[in-house]
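Okay, structure first, notes after.
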Amino acid sequence: MITINELLYKAIALKDKYLEMHHENVCFYSTTLALIMNLPNDVCEAIRHASLLHDIGKIGIPNNILFKQGKLTPKEWEVMKLHPAIGAELLINGDKKLGIYNLSEVVKVIYHHHERWDGNGYPNGLKGEQIPIGARVIAVADAFDAMTTNRSYRGSLSVNAAIEELKRCANTQFDGKIVETFVEIINEKEYLKYDILLSLKQPSSCLI
89 MITINELLYK
99 AIALKDKYLE
109 MHHENVCFYS
119 TTLALIMNLP
129 NDVCEAIRHA
139 SLLHDIGKIG
149 IPNNILFKQG
159 KLTPKEWEVM
169 KLHPAIGAEL
179 LINGDKKLGI
189 YNLSEVVKVI
199 YHHHERWDGN
209 GYPNGLKGEQ
219 IPIGARVIAV
229 ADAFDAMTTN
239 RSYRGSLSVN
249 AAIEELKRCA
259 NTQFDGKIVE
269 TFVEIINEKE
279 YLKYDILLSL
289 KQPSSCLI
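Read in order, the letters of the sequence shown are residues 89 to 296 in my numbering.
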């Protein structure tokens, strides 16, 4: 019998095929990062669930904004910034029917995954360790996958270029310690070639 959270996951794919693959990739990166950081099991589990649903709120964003090829206007950007709150609300309304352990932590991670280390993020402008650790982990994984993925309106960056961008934004956009750990993971011998990294992705291990 299909669960409500599986239905939500499938709804993402219907809205935007890119989001389905993006969520699987972010799940791979963020859960690997969480495990290597030796985060508690319940935190790792919350990160796993949140990473698979972190952009679920984009279901509520109008298509003309979500799929716009050019730069968003300031007004459109304000609408786009609503997606973490929409996603959190969807999960809160699902309550116990979702069957997700530690749902309140998952909701917090989703709600805050666009906060910035320097306090200039959204929706609440949290700063530093005020931001839930899961949200800080997913922020790095989310950015790396977005940068290294081809989109219709822009090409992808190389792994090395994406790493340099993460390092440039460490301690401003991202938690510097998390960036440092992530870069170490990517720079390990078995991760040097992106083809090898892709072959290691096992979406089934991140399924809800």
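Where a beta carbon is used, it is the ideal one built from N, C-alpha and C, also for glycine.
{"Asked": "DSSP has Arg204 in a bridge; who is on the other side?", "Found": "DSSP, once it has assigned bridges, lists no residue as partnering Arg204."}
{"Asked": "Any idea what DSSP makes of Phe262, helix, strand or coil?", "Found": "strand"}
{"Asked": "Based on the DSSP output, what are the partners of Arg224 in its beta bridges?", "Found": "Answer is none; Arg224 lacks a bridge partner."}
{"Asked": "So does the segment 190-199 actually touch the segment 127-145, counting three or more Cβ pairs closer than 8 Å?", "Found": "yes"}
{"Asked": "Please list the terminal residues of the continuous alpha helix (DSSP H) segment that includes Lys163.", "Found": "162-168"}
{"Asked": "Would you list the residues sitting across from Arg239 in a DSSP beta bridge?", "Found": "Arg242"}
{"Asked": "Terminal residues of the continuous alpha helix (DSSP H) containing Ile153?", "Found": "151-154"}
{"Asked": "Quick check on the DSSP output: the alpha helix (DSSP H) that includes Asp130 runs from which residue to which?", "Found": "129-141"}
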